[in-house]
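Chains A and B are the protein sequences, given in the same order. With the first letter of the first sequence counted as 1, position 27 gets the number 27 in my numbering; the numbers rise by one all the way through. Just add 113 to the spot in the second sequence (first one is 1) and you have my numbering. Every residue, glycine too, gets a C-beta built ideally from N, C-alpha and C. Notes follow the structure.
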Amino acid sequence: KAGVTQTPRYLIKTRGQQVTLSCSPISGHRSVSWYQQTPGQGLQFLFEYFSETQRNKGNFPGRFSGRQFSNSRSEMNVSTLELGDSALYLCASSLGDNYSPLHFGNGTRLTVT
Amino acid sequence: AQRVTQPEKLLSVFKGAPVELKCNYSYSGSPELFWYVQYSRQRLQLLLRHISRESIKGFTADLNKGETSFHLKKPFAQEEDSAMYYCALSGQGGSGDKLTFGTGTRLAVRP
Numbered sequence: 001k002a003g004v005t006q007t008p009r010y011l012i013k014t015r016g017q018q019v020t021l022s023c024s025p026i027s028g029h030r031s032v033s034w035y036q037q038t039p040g041q042g043l044q045f046l047f048e049y050f051s052e053t054q055r056n057k058g059n060f061p062g063r064f065s066g067r068q069f070s071n072s073r074s075e076m077n078v079s080t081l082e083l084g085d086s087a088l089y090l091c092a093s094s095l096g097d098n099y100s101p102l103h104f105g106n107g108t109r110l111t112v113t
Numbered sequence: 114a115q116r117v118t119q120p121e122k123l124l125s126v127f128k129g130a131p132v133e134l135k136c137n138y139s140y141s142g143s144p145e146l147f148w149y150v151q152y153s154r155q156r157l158q159l160l161l162r163h164i165s166r167e168s169i170k171g172f173t174a175d176l177n178k179g180e181t182s183f184h185l186k187k188p189f190a191q192e193e194d195s196a197m198y199y200c201a202l203s204g205q206g207g208s209g210d211k212l213t214f215g216t217g218t219r220l221a222v223r224p
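Here it is in structure tokens:
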């Protein structure tokens, strides 16, 4: 099975712009979660989608949003970028039932200048 | 609120020495706990979860509810164990889809 695929691998944007990141889950996985990883804050949960519905949400401002399509692929959007949004954004997929492990992608490294 | 604490940023041991990576948690309900590992140039992956009571690559972890701890242990460290280790907690019925991670401990095993 192909693993979780995230595109693009690297992005450089300027403050005020918006960005869209993409995640293709493992075939058959219906849950997709997004995490932000920074040296200072570590791994922080953004949100989780299951069958096209947002099921869980972390403590991030409304500038961070996401969606999931019928094929379980997911996108994350960040609007009005700030310098502090520079981070590695990780996507993880799972079956979405109890106790299923998360399978992570390699991440998209976003740099905001 | 749920919180995971990994007090050590770096743990350096010699090959063959015992390893204990500490993890303490704060959660009012009944948590599900996991250890994830990230080897150099590889993606983050599940190492083990307490519900399975399994030993993976010689590592074990026991949930101690009295001490709210889930320390990761291995009796004899190997060089290939060098990696970043994250303890994680799920308070959502163990689905693992909303995990709270600790800040991670880098394990360096010296020859």
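Residue A:19 holds the alpha-carbon nearest to the alpha-carbon of residue 108 of chain A among A:19, A:2, A:41 and A:14. If you ignore the 5 residues before and after residue 73 of chain A, its C-beta comes within less than 6 angstroms of the C-beta of 24, all in its own chain and listed in chain order.
Put simply, of B:170, B:203 and B:217 the residue whose alpha carbon is nearest the alpha carbon of residue 141 of chain B is B:203. Not a single CB atom of chain A sits nearer than 8 angstroms to the CB of residue 124 of chain B. Within 7 angstroms of the CB of residue 217 of chain B, the CB atoms of chain A belong to 42, in sequence order along the chain. Taking all protein chains shown into account, residue 50 of chain A has 16 or more neighbouring C-beta atoms within 10 Å of its C-beta and is therefore buried. The continuous beta strand (DSSP E) containing residue 67 of chain A extends over residues 64 to 68.
Residue 214 of chain B and residue 42 of chain A do touch by the CB rule: their CB atoms are close to 6 angstroms apart, below 8 angstroms.
Per DSSP, residue 71 of chain A has no beta bridge partner at all. Listed along chain A, the residues sitting closer than 8 angstroms to residue 158 of chain B by beta-carbon distance are 103 and 104. The three-state secondary structure of residue 167 of chain B, taken from DSSP, is coil.
In the DSSP assignment, residue 54 of chain A is bridged to A:49. Taking the beta carbon of residue 110 of chain A as reference, no residue of chain B falls within 8 angstroms; the closest one sits roughly 17 angstroms away. The C-beta of residue 166 of chain B has fewer than 16 other C-beta atoms within 10 Å across all chains shown, which makes the residue exposed. About 6 angstroms separates the Cβ atoms of residue 16 of chain A and residue 81 of chain A, confirming a contact at the 8 angstroms cut-off. Annotation for residue 127 of chain B: the continuous beta strand (DSSP E) segment containing it runs 123 to 127.
Classified as exposed, residue 139 of chain B has fewer than 16 neighbouring CB atoms from the shown chains inside 10 Å of its CB. When secondary structure is reduced to three states using DSSP, residue 133 of chain B falls in the strand class.
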